[in-house]
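Peer 1:
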Amino acid sequence: METDRPLLVFDSGVGGLSVLDALRRRLPMAPIVYVADSGGFPYGTKTEIEIAARVPALLGRLVERYRPRLVVIACNTASTIALATVRSALDLPIVGTVPAIKPAALASVTRAIGVLGTNATVRQPYVDRLAAEFAADCLVVRHGSARLVELAEAALRGDPGELADYRAVMDGLFGQPGGDRIDTVALACTHFPLVADRLAAASPHPVRFVDGAAGIARRVAHLTDGQPWPDSRPEGVAVFTSDVDVATLRPALATRHLSRIERL
Ligand code: DGL
């Protein structure tokens, strides 16, 4: 394994940065290629067919171009729909992001958990299976929000948004039958941990938020155990698949050592 072969972290937008943050804590010297499929954003309002056609093809091109040692699909929507297809098409380790229903159920005292994701994610049979396997004795309340993805994208560009907008999203979750009993919420979209403070402020009662980022970082560390890394942290690359206004994003990218911007 060559030292400079990167980890490729993939999302539709800036959400995967929440996963990258956890990866950086575990593997600070890892060369990073962060890909935001801005040309396909948002995924959460697309059909299964659209995601299943787009993501494996795009990842194929990216793997050819950047020759990563491993790919992290830092997107619940893409993972719950296309993970199996991507794995069978590409000959390298692929780590997916799936809704953190298991940790949420383990943490819940009231046995009522929320799953906050995109519209596409919360309707997936993959989520039904996770709920049946790990949260069979819990009330599982799901809510999909495209608005919250937009709010998180804006937040990373320096716009904190209105708390009323966040409250409206949270009402969609907690306003459902049994919602008042929820004590733990799985943030099942990688955009949402980026605005966890706002979500906490907008919740009608105190709740615990869980997500999969630390588990993904652990998994990547395990899969790359024994491989060489550069001696000093290399500057990473941020790749977009369409023309985007990079100026407002630069600070969020720079704090994550993503100083080179490329266009696929
Ligand atoms: N960040 C993505 C996820 O984890 C999806 C956001 C979107 O494009 O709708 O599901």
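For the sequence shown, my numbering gives the first residue as 240, with consecutive numbering after it.
For glycine and all other residues, C-beta sits at the position ideal for the given N, C-alpha and C.
Computed from a predicted model, the values in this text were never measured in an experiment.
1) Does the beta carbon of V388 fall short of 7 Å from some heavy atom of ligand 1?
2) Check this for me: beta carbons of R326 and I333, under 8 Å apart or not?
3) Based on Cα-Cα distance, which residue from R472, S384, K341, M409 lies nearest to P445?
4) Excluding sequence positions up to five away, which residues of its chain have a Cβ less than 8 Å from the Cβ of L462?
5) Please classify T494 as buried or exposed, where buried requires at least 16 neighbouring CB atoms within 10 angstroms.
6) Check for me: the beta strand (DSSP E) holding G383 runs from which residue to which?
7) According to DSSP, E501 sits in a beta bridge with which residue or residues?
8) For the beta strand (DSSP E) containing R306, name the first residue and the last one.
9) Can you tell me the Cα-Cα spacing of D398 and A323, whole angstroms?
10) Residues bridged to T423 by DSSP?
11) One question on the structure: do E257 and F280 come within less than 8 Å of each other, judged by their Cβ atoms?
12) Given this structure, state the Cα-to-Cα distance separating R260 from L426, to the nearest angstrom.
13) Would you tell me roughly how many angstroms separate the C-alpha atoms of L402 and L390, rounded to the nearest one?
14) For ligand 1, is there a heavy atom less than 7 Å away from the beta-carbon of T357?
15) Following the continuous alpha helix (DSSP H) through F373, name the residue where it begins and the one where it ends.
Peer 2: By the coordinates alone:
1) Working through the sequence shown from its first residue, we reach residue 388 at position 149. Yes.
2) Numbered from its first residue, the sequence shown carries residue 326 at position 87. Numbered from its first residue, the sequence shown carries residue 333 at position 94. Their beta carbons are under 8 Å apart, which means R326 touches I333 by this criterion.
3) The sequence position of residue 445 within the sequence shown is 206, counting from 1. When only C-alpha atoms are compared, the closest one is M409.
4) Within the sequence shown, residue 462 is the residue found at index 223, counting from 1. Hits under 8 Å: L309, P332, V334.
5) For the purposes of this step, residue 494 is taken as the residue at position 255 of the sequence shown. Classification for T494: exposed.
6) Taking the sequence shown and counting its residues from 1, the one referred to as residue 383 is at position 144. Start and end: 378-383.
7) Taking the sequence shown and counting its residues from 1, one reaches residue 501 at position 262. DSSP output for E501 lists V478 as bridge partner(s).
8) Along the sequence shown, one-based indexing puts residue 306 at 67. It is not in any beta strand (DSSP E) - R306 carries neither H nor E in the DSSP assignment.
9) Working through the sequence shown from its first residue, we reach residue 398 at position 159. Working through the sequence shown from its first residue, we reach residue 323 at position 84. In a straight line, the C-alpha of D398 is about 36 Å away from that of A323.
10) Taking the sequence shown and counting its residues from 1, the one referred to as residue 423 is at position 184. Its beta-bridge partners are I352, R447.
11) The count along the sequence shown starts at 1 and reaches residue 257 at position 18. The count along the sequence shown starts at 1 and reaches residue 280 at position 41. The residue asked about is misnamed: residue 257 is Ser in this sequence, not Glu. No, Cβ-Cβ distance for S257 and F280 is not below 8 Å.
12) Taking the sequence shown and counting its residues from 1, the one referred to as residue 260 is at position 21. Taking the sequence shown and counting its residues from 1, the one referred to as residue 426 is at position 187. It is Asp, not Arg, that sits at residue 260 in the sequence shown. Cα-Cα distance, rounded: 16 Å.
13) Stepping through the sequence shown from its first residue, residue 402 is reached at position 163. Stepping through the sequence shown from its first residue, residue 390 is reached at position 151. Distance between the alpha carbons of L402 and L390: 10 Å.
14) Taking the sequence shown and counting its residues from 1, the one referred to as residue 357 is at position 118. Yes, ligand 1 has a heavy atom inside 7 Å of this Cβ.
15) Residue mapping note: residue 373 aligns to position 134 of the sequence shown, counting from 1. First-last of the alpha helix (DSSP H) with F373: 364-373.
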